[in-house]
Ligand SMILES: Cc1cc2nc3c(=O)[nH]c(=O)nc-3n(C[C@H](O)[C@H](O)[C@H](O)COP(=O)(O)OP(=O)(O)OC[C@H]3O[C@@H](n4cnc5c(N)ncnc54)[C@H](O)[C@@H]3O)c2cc1C
Ligand SMILES: Cc1cc2nc3c(=O)[nH]c(=O)nc-3n(C[C@H](O)[C@H](O)[C@H](O)COP(=O)(O)OP(=O)(O)OC[C@H]3O[C@@H](n4cnc5c(N)ncnc54)[C@H](O)[C@@H]3O)c2cc1C
Ligand SMILES: Cc1cc2nc3c(=O)[nH]c(=O)nc-3n(C[C@H](O)[C@H](O)[C@H](O)COP(=O)(O)O)c2cc1C
Ligand SMILES: Cc1cc2nc3c(=O)[nH]c(=O)nc-3n(C[C@H](O)[C@H](O)[C@H](O)COP(=O)(O)O)c2cc1C
Ligand code: FES
Ligand code: FES
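Chains as they are written, first to last, in this note's numbering: chain B, 19 to 323; chain L, 19 to 323; chain U, 291 to 542; chain H, 291 to 542.
Structure (structure tokens):
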């Protein structure tokens with residue numbers, strides 16, 4: 019037994035610890051489980067699922083940038099039906115909390131996906147991705163419009179009893195306005211941030227390095243922005259926050275919790291160190307032990323300003 | 019003589035080459051001139067000037083982040099009057115184009131500063147900073163509001179014949195809407211981007227590393243975002259763009275021009291290599307020579323999508 | 291698959307800008323197959339951020355070997371490693387070459403550093419197989435001919451062997467080849483593989499190609515490495531479904 | 291002021307985690323003064339991004355010396371430099387100590403690596419000055435006593451010399467000191483300098499302190515290093531107006 023209580027409650031969703039693996043950076047769990055013990059994590063968030071399978075964007079989809087990477091996967095996924103049939107059997111047995119991430123190109127599709135998936139017991143909560151920068155329909159057209167976010171939240175909440183986490187776009191002036199809208203419509207939590215819109219060009223061919231032209235920037239480069247967005251939400255809205263963006267190690271995770279996150283998600287780091295989640299859980303334990311912090315949840319939003 | 023014509027015209031402002039040093043990263047030119055030959059550059063942009071001197075924010079003002087830095091200088095500057103008296107004599111003789119950057123906490127103050135400075139012949143253009151993330155009044159309150167930007171542009175343009183460049187905030191969903199507003203009100207060009215809002219906390223004291231709590235993120239980390247913002251403007255608005263953000267070397271400068279910039283500004287790199295501007299000019303020349311590009315302006319916006 | 295902190299034994303420059311690195315990596319070495327690759331963290335910091343993928347060039351006992359060309363920052367850092375530095379290696383990844391089946395002659399076609407997987411492949415082939423190799427390079431100084439047998443050479447500039455590309459060289463010899471049952475194993479730059487692919491599809495040659503593309507994770511979680519398939523309407527993933535494919539399975 | 295590509299001659303660990311680095315840097319060496327510093331690019335890549343400021347520890351001929359504690363990534367990279375590596379050094383920066391004026395005894399007060407500027411200072415003092423030194427460290431293993439004369443030691447844990455901080459040690463001896471005209475030269479962590487400052491202001495001691503703070507450029511263009519002044523309502527800049535100030539000039 020740990021001397022530290024690592025459990026957290028994120029808007030009604032109980033997690034054994036605050037370390038989650040982020041959507042799109044852990045697939046459906048099977049590949050990464052060869053490198054890490056998923057049962058030691060707070061939970062995993064699936065790749066964004068849509069009603070029908072999506073092929074995703076043509077290559078090249080990724081490129082490295084200074085301390086970051088751009089991706090334009092384009093929500094490639096197997097669709098809700100195949101997910102239930104092919105992936106749930108494995109996910110039933112990983113002994114960690116499963117959060118389903120949903121992306122859609124219409125409000126109806128969000129609702130429909132949630133309706134279908136909510137019957138599956140293994141799924142403990144939904145993360146609604148209204149902030150993918152890499153698709154034509156849905157994506158930022160939704161995520162950068164506070165009224166659409168409001169509407170999606172309301173309608174999705176209406177069809178499930180499970181906690182709803184709305185994943186917010188950082189590509190807006192005031193992210194806290196979006197968090198307010200989520201709260202007002204009954205959303206249980208927000209997660210922040212999704213990727214920043216970026217691009218990169220080959221100076222010899224003058225073509226974009228990513229076929230989709232722009233992509234989403236992730237990794238340590240965006241950590242200062244992610245921290246500022248989480249802090250802005252924390253200081254303005256009373257809603258649980260899942261902090262995401264550039265977390266590479268336990269110190270980054272602590273920093274994200276201090277500025278307001280109840281739990282954190284790891285994205286890009288999984289590609290480099292697929293065992294990072296477990297290492298971060300261990301780091302959080304020693305941080306707490308050394309400071310006689312009894313419950314990890316005490317550090318959430320404990321900034322001294 | 020170069021075989022390459024490096025001169026560019028940015029909304030009526032003629033520059034001998036497209037490499038400028040960015041506001042706030044070159045002071046008023048005197049210190050950096052010990053390390054570099056300013057006369058070889060396209061121009062320099064002064065630290066933001068306000069009507070009265072500003073003391074700026076208390077320390078700590080800067081912190082390093084992965085491939086970037088945060089700053090919250092808070093527009094510390096000597097004010098318009100002292101600038102004219104103490105700095106212009108030196109700036110008269112640097113033999114490069116002088117652009118004055120103005121920051122203010124009210125529309126009237128922008129107008130007043132421009133009126134006073136426009137009489138000084140040495141100043142060839144104005145860059146209006148509506149996007150400083152580090153001050154309470156003015157700053158992003160202005161820069162993230164398209165109507166305010168519209169108004170500032172119109173009023174400033176009315177009191178000077180010199181080219182007006184509006185420096186845009188990247189902390190918005192659609193920067194091209196701001197560029198459109200600038201164009202509509204008679205602005206001659208836009209510059210993009212100013213810094214992204216970010217923060218960083220000490221995990222032991224739980225205090226912000228920067229006294230101002232948040233700061234502006236600059237450096238290579240933000241280059242993909244800067245490129246995407248410039249590209250967005252270029253594809254949507256017919257206005258000259260000065261590209262800024264994360265440029266470290268001539269390749270970055272070329273990339274910024276390819277996505278749409280008529281000229282570029284160097285910021286953070288000056289702190290690390292104060293001679294970077296001159297090296298970049300040299301790099302641009304060989305790039306053009308090797309590709310038989312006769313006029314550097316040909317590469318602006320020459321992306322192949 | 292393992293994440294192994296390997297200890298560098300040696301790094302040598304074996305041709306202009308091309309290095310051979312060996313590292314003690316017993317876990318990976320014990321299970322790797324020819325045609326698989328590893329994803330290597332070249333620095334101990336978070337910069338450069340992503341791992342770099344490299345074919346397993348060979349295995350001797352507990353040691354892995356890689357050959358690489360200095361391309362950008364990552365390979366530059368790798369080339370500066372010294373004995374006893376540790377290297378964080380993730381592997382072995384991908385599915386490797388299929389060596390089973392009914393063929394007499396293994397025909398190796400390598401462009402530039404496309405030779406990387408073949409030392410290992412040759413060692414893995416059964417003794418009863420014959421072997422011929424076609425090796426292309428830009429110029430003489432860039433030739434890396436390590437462990438290949440019965441080699442015919444082509445250089446783009448004609449500074450050594452046949453002047454032209456390696457697929458043209460191969461074409462000249464297919465008549466001779468086709469007297470026996472053969473399987474082509476190929477690796478190299480995309481344009482070369484494309485040309486080879488159309489040759490093989492046209493003539494119905496049995497051919498396996500190893501493909502390079504940008505990768506983040508290397509093991510199937512990022513979806514960053516799609517390749518169009520002829521059979522499946524979805525993309526395949528180069529890292530997981532490849533990097534070796536049948537030449538007629540994927541659109542290059 | 292120059293940007294000089296210096297060649298590293300040696301890096302040695304002289305105390306636990308503390309290194310002495312020497313580099314051939316003739317231009318900077320020829321003009322530097324005691325108390326000035328250099329801003330060093332520790333890597334050849336853009337990571338870590340900013341230069342790191344270090345006091346000039348000493349100069350011998352064309353060589354600059356720095357002592358540094360391994361703190362974070364930048365100093366770790368610096369400690370791993372080897373002979374003949376090049377190091378991009380910008381300097382000399384700041385205004386250094388004012389050695390002129392009417393005093394008989396130079397009193398050096400150094401906390402931890404605050405010793406850094408004093409080897410050079412001692413060499414720069416005129417021969418007719420007397421010298422006494424008070425040196426504090428956290429613990430015995432961390433003591434760096436290079437080139438100081440007439441040293442009294444304090445360690446926080448009492449593992450060597452006086453148990454307690456160096457300012458308390460100094461206080462015990464000021465009676466003795468005040469028989470002569472003296473000037474204090476001090477460098478060390480901020481809390482130590484603060485304590486020393488109030489001692490000096492109270493007793494009207496002549497004292498110069500060298501201050502550290504976060505810096506980007508190091509030469510006055512970023513405005514990143516402000517310090518509150520007692521005389522001027524504007525901030526002073528540590529890099530340009532300092533790093534050495536009169537103890538009564540700045541608010542710590
Ligand atoms: C399965 C596989 C096996 C490979 N085997 C070898 C080998 O044995 N020897 C060898 O020299 N090279 C091999 N490569 C190519 C090698 O990965 C790149 O040369 C290397 O990543 C370049 O890194 P860099 O930092 O030096 O270059 P940079 O250009 O600075 O790299 C920037 C980014 O682009 C990616 N990148 C650049 N070139 C390539 C490329 N050709 N393929 C994939 N990604 C690239 C990098 O991984 C990095 O993310 C292989 C690639 C793959 C996918
Ligand atoms: C004028 C001056 C002279 C100095 N002289 C010496 C010396 O002679 N020997 C020595 O060991 N140290 C000296 N320092 C402190 C030294 O600059 C820092 O220890 C070093 O920058 C730490 O870098 P890092 O990457 O190892 O640490 P990190 O903590 O990883 O650095 C992160 C960032 O914080 C800054 N930083 C961290 N600590 C300090 C600090 N104490 N002061 C200023 N910036 C800091 C770094 O420059 C960098 O930008 C001096 C500082 C200044 C301002
Ligand atoms: C390759 C890749 C694919 C991603 N796919 C998704 C996705 O399908 N749905 C989603 O909500 N977020 C997706 N994201 C965003 C991440 O979940 C995360 O919000 C972002 O990467 C920032 O975190 P990081 O800096 O730790 O990577 C993806 C990110 C990457 C890098
Ligand atoms: C220390 C610092 C001070 C700055 N001060 C100003 C300023 O006074 N006015 C302004 O318009 N921009 C200011 N900027 C923003 C830069 O001009 C530039 O837009 C930004 O740093 C992005 O470019 P970079 O990534 O090349 O640094 C400042 C940036 C830095 C790093
Ligand atoms: S590289 Fe990540 S899925 Fe292939
Ligand atoms: S460090 Fe830039 S002004 Fe002092």
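Backbone N, C-alpha and C define an ideal beta-carbon position, used for all residues, glycine too.
{"Query": "Would residue 170 of chain B and residue 206 of chain B qualify as a contact pair, given that the criterion is a beta-carbon distance under 8 Å?", "Result": "no"}
{"Query": "I'd like to know if residue 436 of chain H contacts chain U, where contact means its C-beta is closer than 8 Å to some C-beta of that chain.", "Result": "no"}
{"Query": "Note the first and the last residue of the continuous beta strand (DSSP E) segment covering residue 329 of chain U.", "Result": "327 to 331"}
{"Query": "Once DSSP output is grouped into helix, strand and coil, what is the label at residue 146 of chain B?", "Result": "strand"}
{"Query": "Please go through the same chain and pick out, in chain order, the residues whose beta-carbon is closer than 7 Å to the beta-carbon of residue 305 of chain H, but skip the five residues on each side of it.", "Result": "431, 432, 433, 434"}
{"Query": "Is the Cβ-Cβ distance between residue 408 of chain H and residue 400 of chain H less than 8 Å?", "Result": "yes"}
{"Query": "Please decide whether residue 252 of chain B counts as near chain L, where near means a Cβ-Cβ distance under 8 Å.", "Result": "no"}
{"Query": "Examine chain U for any beta-carbon lying closer than 8 Å to the beta-carbon of residue 363 of chain H, and answer yes or no.", "Result": "yes"}
{"Query": "Can you name, in chain order, every residue of its own chain whose Cβ lies under 6 Å from the Cβ of residue 471 of chain U, other than the five neighbours on each side?", "Result": "393, 394"}
{"Query": "Compute the Euclidean distance between the alpha carbons of residue 77 of chain L and residue 520 of chain H, then round it to the nearest angstrom.", "Result": "16 Å"}
{"Query": "In three-state DSSP terms, what is residue 313 of chain L?", "Result": "strand"}
{"Query": "Against chain H, which members of the stretch 232 to 244 of chain L pass a CB distance test of less than 9 Å?", "Result": "237, 238, 239"}
{"Query": "Look up residue 482 of chain H in the DSSP assignment and say whether it is helix, strand or coil.", "Result": "helix"}
{"Query": "So is residue 264 of chain L buried or exposed if we call it buried at 16+ other beta carbons inside 10 Å?", "Result": "buried"}
{"Query": "Report yes or no: is there a C-beta of chain L within less than 8 Å of the C-beta of residue 344 of chain H?", "Result": "no"}
{"Query": "Using 8 Å as the limit for Cβ to Cβ distance, is residue 98 of chain B near chain U?", "Result": "no"}
{"Query": "Using only the heavy atoms of ligand 1, determine whether one of them is closer than 7 Å to the beta carbon of residue 453 of chain H.", "Result": "no"}
{"Query": "Please report whether the beta-carbon of residue 360 of chain U lies at a distance below 8 Å from any beta-carbon of chain H.", "Result": "no"}
{"Query": "So, helix, strand or coil for residue 130 of chain B, using DSSP?", "Result": "helix"}
{"Query": "Mind checking whether the beta-carbon of residue 512 of chain H lies closer than 7 Å to any heavy atom of ligand 2?", "Result": "no"}
{"Query": "Pop quiz: residue 289 of chain B and residue 507 of chain U are said to be a contact at Cβ under 8 Å. What is the actual Cβ separation, rounded to whole angstroms?", "Result": "4 Å"}
{"Query": "Could you check where the beta strand (DSSP E) with residue 424 of chain H kicks off and where it finishes?", "Result": "420 to 427"}
{"Query": "Over the uninterrupted beta strand (DSSP E) stretch that includes residue 161 of chain B, give me the two end residues.", "Result": "Premise fails: residue 161 of chain B lies in the alpha helix (DSSP H), 158 to 161, not in any beta strand (DSSP E)."}
{"Query": "Is the CB of residue 520 of chain U under 8 Å away from at least one CB in chain B?", "Result": "no"}
{"Query": "I'd like to know whether the C-beta of residue 376 of chain U is nearer than 8 Å to at least one C-beta of chain H.", "Result": "no"}
{"Query": "Closer than 7 Å to a non-hydrogen atom of ligand 8 - does that hold for the CB of residue 403 of chain H?", "Result": "This structure simply doesn't include ligand 8; it includes ligand 1, ligand 2, ligand 3, ligand 4, ligand 5 and ligand 6 instead."}
{"Query": "Mind reading off the beta-carbon distance from residue 510 of chain U to residue 45 of chain B? Whole number of angstroms is fine, and I expect it under 8 Å.", "Result": "6 Å"}
{"Query": "When you compare each of U/325, U/334, U/323, U/350 to residue 311 of chain U by their alpha carbons, which one comes out closest?", "Result": "U/350"}
{"Query": "Check residue 513 of chain H in the structure and name its three-state DSSP category.", "Result": "coil"}
{"Query": "Output the boundary residues of the beta strand (DSSP E) element that contains residue 209 of chain B.", "Result": "207 to 210"}
{"Query": "Closer than 7 Å by C-beta to residue 175 of chain B: which residues in its own chain qualify, once you throw out the five before and the five after it? Chain order, please.", "Result": "182, 203, 204, 205"}
{"Query": "Would you say residue 524 of chain U lies against chain B (beta-carbon separation less than 8 Å)?", "Result": "yes"}
{"Query": "Please list, in chain order, all residues of the same chain as residue 321 of chain U whose beta carbon is under 7 Å from its beta carbon, the five residues on each side excluded.", "Result": "382"}
{"Query": "What are the boundary residues of the alpha helix (DSSP H) that residue 364 of chain H is part of?", "Result": "363 to 369"}
{"Query": "Return the Cβ separation of residue 231 of chain L and residue 213 of chain L in integer angstroms, given the expectation that the two are a contact with Cβ distance under 8 Å.", "Result": "With 8 Å as the limit, residue 231 of chain L and residue 213 of chain L do not qualify as a contact, their Cβ atoms being about 15 Å apart."}
{"Query": "Tell whether a beta-carbon distance below 8 Å holds between residue 132 of chain L and residue 178 of chain L.", "Result": "yes"}
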